[in-house]
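For the sequence shown, our numbering assigns the number 17 to the initial residue and increments by one for each residue that follows.
Glycine included, each C-beta is placed from N, C-alpha and C at the ideal position.
Note that the structure is predicted; figures quoted are calculated from it, not measured.
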Amino acid sequence: MRAGLVLCLVAALVLVRAPLEAQERATARELGVVVGILSPGPLNAITDVAGVRVGQVTIARGDSINTGVTAILPHSENVFREKVPAAVVVGNGFGKLVGFTQVQELGELESPVVLTCTLCVPRAADAVLTYLLSLPGNEGVRSANAVVGETNDGYLSHIRLRPITQDDVLGAIRSAKEGPVEQGSVGAGRGTTAFGWKGGIGSSSRRLPSDLGGWTVGVLVQSNYGGVLTIAGAPVGQELGRHYLRGRVPGAGGAAAGSGWQVEGDPDLADGSIMIVVATDAPLSHRNLERLARRALAGLARTGSSMTNGSGDYVIAFTTVPVSQIGSVPIVSNNRMSPLFQAVIEATEEAIYNSLFMATTVKGHRGTVEALPVEATLEILKRHGVVR
Numbered sequence: 017m018r019a020g021l022v023l024c025l026v027a028a029l030v031l032v033r034a035p036l037e038a039q040e041r042a043t044a045r046e047l048g049v050v051v052g053i054l055s056p057g058p059l060n061a062i063t064d065v066a067g068v069r070v071g072q073v074t075i076a077r078g079d080s081i082n083t084g085v086t087a088i089l090p091h092s093e094n095v096f097r098e099k100v101p102a103a104v105v106v107g108n109g110f111g112k113l114v115g116f117t118q119v120q121e122l123g124e125l126e127s128p129v130v131l132t133c134t135l136c137v138p139r140a141a142d143a144v145l146t147y148l149l150s151l152p153g154n155e156g157v158r159s160a161n162a163v164v165g166e167t168n169d170g171y172l173s174h175i176r177l178r179p180i181t182q183d184d185v186l187g188a189i190r191s192a193k194e195g196p197v198e199q200g201s202v203g204a205g206r207g208t209t210a211f212g213w214k215g216g217i218g219s220s221s222r223r224l225p226s227d228l229g230g231w232t233v234g235v236l237v238q239s240n241y242g243g244v245l246t247i248a249g250a251p252v253g254q255e256l257g258r259h260y261l262r263g264r265v266p267g268a269g270g271a272a273a274g275s276g277w278q279v280e281g282d283p284d285l286a287d288g289s290i291m292i293v294v295a296t297d298a299p300l301s302h303r304n305l306e307r308l309a310r311r312a313l314a315g316l317a318r319t320g321s322s323m324t325n326g327s328g329d330y331v332i333a334f335t336t337v338p339v340s341q342i343g344s345v346p347i348v349s350n351n352r353m354s355p356l357f358q359a360v361i362e363a364t365e366e367a368i369y370n371s372l373f374m375a376t377t378v379k380g381h382r383g384t385v386e387a388l389p390v391e392a393t394l395e396i397l398k399r400h401g402v403v404r
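This is the structure in C-alpha cells:
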C-alpha cells in the first residue's frame, strides 16, 4: 500500500515538473506576454471581425509530407458577387502571390484568400476558380481573380510532389467558419519554419474603444521567415544563440551561443516568407486599406525580421464592408486612421508570436524542426521584464 502511494506521489511530481514543451502549447498572452496597449477581441483572432471565417486542411503523411491549406473568407455570401475593398502591400517580393495585380488595380477582393505551399500555388488557384465558378449566380462568369499566397515548406515537406489537391483546397474553403482559429503547425503552417524554430499559423486581434471608432482589426499569419527573433523587445534569438548572424558578427552569439540549438540539416535561418492577412470592419477606402497593410510590416519588423533578400513578405488587407455599401456609409477619414494603425501593428506582432508559441515539433522530409523552447524563452522574457 505504502509503495503504491509513493509511486503515485512520484508520478504526480513528474507531471508537475514536466517541461512546458511536453505539455499542450499556449498562446503568447496565455503565457503572460502582453503586446501593446489595445485590447484584443474575445477570440483574439481574425474571426473577431464579424463575418470573417477561416477553414484549414492539414496534410501530414509520414515524414515526407507536411503541408496544408488555410482559407480566409471575408463573409458568408458569394464573394464574387459581394466584393469587398482590399489592398496588397509587398515588403520584399520574393514570392508567388496570385491575383495581386487586379486587387491593386481595382481595389477589390472577389475570392477567398487561400494560403498554401510555394509549388502548390497553381493547383490551389485552379481549385479556387472551380469554387467560384460553381457558386449559384456565377454561371455566366468568364473571368475571376483567385487570390493565393504561399510560403516554402520544402524543408519539412517533399514540396516537389506538390501534394495539394483540389479537394484539399475546396475542403478548406467549404469548412471555413467563425469562432476560434486553430494555430501552430496546422493548415498552411504545417511545414513552415520561423527563426529556425517551428513556425505556423498565428492569429490575433485588436478592438478600438468606442470613442476611437469601436472597430476591430484581425490578423492571420503564415510564418516561415528568419532574422533575429525579438519578443516584445527581448533579444530571444540572440540569447538562445539561434539566428542567421551567429558567428558572423562579434558578440552576436548571445549567452546560449554554442549551446547546441541546432536544426538538423541547418535550414536557412535568414530567408523565407510570411503571408499576413488583415481584416477589419472599419469602412476603409482602397487607399487607406493599403496604408493599414503597410503598418502590418511594422509589426513584422518588431519580431526581428529584416525582410531579407530571399523573403517574400506580403500583406493582404480587406474590409468586410462590401463594395456595394461603401457609397452609403461614411468612409473613415485620414485623421482617424492612426488608432487603426496601432491596432494592426499590435495584432500582427502578437499573431506571429502565437504562430511560434502554438507550433509543435515536426519531423519532416529533410530533418526535424523543434518547437520554440517555451521554458527557456520565458526565462529570457522574465529577465527582460516582459513577463512577471
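- With a cutoff of 9 Å on beta-carbon distance, K112 and G288 are scored as not near each other.
- The beta carbon of G326 sits closer than 6 Å to those of F110, D287, all from its chain and outside the five residues before and after it, given in chain order.
- For E366, no beta strand (DSSP E) segment is defined; the enclosing uninterrupted segment is the alpha helix (DSSP H) at 354 to 373.
- Between A250 and H400, the CB-CB gap stays under 9 Å.
- Taking 4 residues as the shortest admissible run, the region 171 to 231 contains the following complete alpha helix (DSSP H) segments, listed from N- to C-terminal end: 182 to 190.
- Under the three-state reduction of DSSP, Y241 is assigned to coil, being neither helix nor strand.
- It is roughly 28 Å from the alpha-carbon of C133 to the alpha-carbon of E98.
- Counting the other CB atoms within 10 Å of its CB gives E166 a total of 16 or more, which places it among the buried residues.
- Between the alpha carbons of A192 and S220 lies a distance of about 17 Å.
- Between the alpha carbons of L228 and P355 lies a distance of about 7 Å.
- Within the region 63 to 144, complete beta strand (DSSP E) segments of at least 3 residues are found at 69 to 77, 81 to 89, 100 to 109, 129 to 133, given in chain order.
- With distances taken between CA atoms, I217 lies nearest to T376 out of L308, H259, T376.
- When DSSP reads this structure, I332 sits in a beta bridge with V104, V293.
- Sequence-distant partners of G380 (beyond 5 residues in either direction) whose C-beta falls short of 7 Å from its own C-beta, in its chain, are D79, N82, Y171, L172, S173, G207.
- By the Cβ rule, the region 339 to 358 counts as touching the region 303 to 319, because three or more pairs are nearer than 8 Å.
- Going by beta carbons, V70 and L313 fall outside the 9 Å limit.
- The alpha-carbon separation between V68 and V339 amounts to approximately 16 Å.
- When DSSP states are grouped into helix, strand and coil, G253 belongs to the helix group.
- A residue is called buried once 16 or more other Cβ atoms fall within 10 Å of its Cβ, and V129 is buried on that count.
- One Cα belongs to Q118, the other to V265, and the distance between them is close to 43 Å.
- Taking the CA atoms as reference points, I292 sits about 16 Å from V202.
- In this structure, the beta-carbon distance from Q72 to A204 falls below 9 Å.
- S322 sits in coil when the DSSP states are folded into three classes, being neither helix nor strand.
- Put simply, of Y330, E40, F373, R223 the residue whose alpha carbon is nearest the alpha carbon of V104 is Y330.
- Excluding residues up to 5 positions away in sequence, R178, I180 lie with their Cβ nearer than 6 Å to the Cβ of C136 in the same chain.
- Within its own chain, the residues whose Cβ lies closer than 6 Å to the Cβ of L59, once the five positions on either side in sequence are excluded, are P196, listed in chain order.
- The C-beta of G57 has 16 or more other C-beta atoms within 10 Å across all chains shown, which makes the residue buried.
- In the DSSP assignment, E166 falls within the beta strand (DSSP E) that extends over 163 to 167.
- By a beta-carbon distance limit of 8 Å, V51 contacts E365. Their separation comes to about 5 Å.
- One thing to note: V157 has its Cβ no nearer than 9 Å to the Cβ of E124.
- A distance of 9 Å or more separates the beta carbons of G187 and V403.
- Contact between M323 and G107 holds, since their C-beta atoms are separated by about 5 Å, short of 8 Å.
- Burial state of A66 is exposed, judged by a 10 Å Cβ sphere holding fewer than 16 other Cβ atoms.
- Per DSSP, L285 is not a residue of any alpha helix (DSSP H), being assigned neither H nor E.
- Just so you know, the alpha carbons of R77 and E93 end up roughly 34 Å apart.
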